[in-house]
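Every position in the sequence shown, counted from 1, becomes a number in the working numbering once 352 is added. Glycine is no exception: its CB is placed at the ideal position from the N, C-alpha and C atoms. Take a look at the structure set out below.
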Amino acid sequence: MLTSRSRGSQAKYALNAAVLGAFAIAAGSAIADDRGISQSGEQKDMKLVGHVDLQGRGAYQPNFIKYPDGRIIAFAGLHPSPNLNGVPAGAVKNPLNGNVAEPNGTMIIDITNPKNPVQKFHIPGSAGGTYTMVRLCLGSDLPAGTTGHVYMLRNVQGGSLSGYEVWDVTNVSAPVLASAIRGLRSTHKSWWECKTGIAYLPG
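Shown next as structure tokens:
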């Protein structure tokens, strides 16, 4: 028998799957639909309508949030590698930043129109670091947040910056590092309780 909490968790996971299924982090074996969009032969009761390539970067876990102005913004945590075409870690070029080679970090994607997702910014990682986990809160929900702002918590696993970072991502084209905890190892699966501001952080 499901408790109200477990039903809520299932609903949240279903919503994540529905929205993030609207654009592909990676496409499997495919057949084309009437619009030329590749469809996996494994889908059931869903259809791929849009796609972003993440600049060929290896992806791990996406998350998304509805901004105060109504936009839906996704954040994809990235593995250092493997990358498309075997490009080594730290060598993928970022066309949003003058084709500078950047270590994989966090990709910000506007998915308001699921048929036309737009990559807005790549927050680079650091040498030896893995940035796979992303959590998000509205400033209006956080006890010490600024109303109208949006915040992202991401892990840094390994390297000299190992720990956690909080970014103000209100401007998706110019996110700002707000704070950081360094010196924690094995950082990975986190949870951020927006209403209390408490984050549960392995490390």
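When the options are compared against residue i, the one with the closest alpha-carbon
i, options, result
"H474", "A426, Y516, K399", "A426"
"T499", "N465, D421, N451", "D421"
"N415", "H403, G429, R423", "G429"
"D462", "I533, D405, K472", "K472"
"P466", "R423, W543, T482, G535", "R423"
"V470", "M504, I460, S478", "I460"
"R506", "Y483, V524, Q395", "Y483"
"V508", "V502, N435, E517", "E517"
"G438", "N449, N451, N456, G408", "G408"
"K399", "L406, D405, S390", "S390"
"G480", "E454, A551, N449", "E454"
In DSSP terms, what residue i is bridged to
i, result
"R534", "G515"
"M508", "Residue 508 is actually Val in this sequence, not Met. Paired residues: G515."
"E545", "I550"
"T482", "Q509"
"I475", "T458"
"D520", "Y503, V528"
"N415", "F427"
Residues near residue i in its chain [Cβ-Cβ closer than 7 Å; skip 5 each side]
i, result
"G549", "L494, P495, A496"
"K541", "M485, P554"
"V528", "W519, D520"
Rounded Cβ spacing between residue i and residue j (contact assumed at less than 8 Å)
i, j, result
"L490", "V502", "6 Å"
"P476", "G457", "5 Å"
6 Å CB neighbourhood of residue i in its chain, flanking five on each side removed
i, result
"K418", "I424"
Touch test, the region 488-497 against the region 439-451, Cβ-Cβ under 8 Å, three pairs minimum: no
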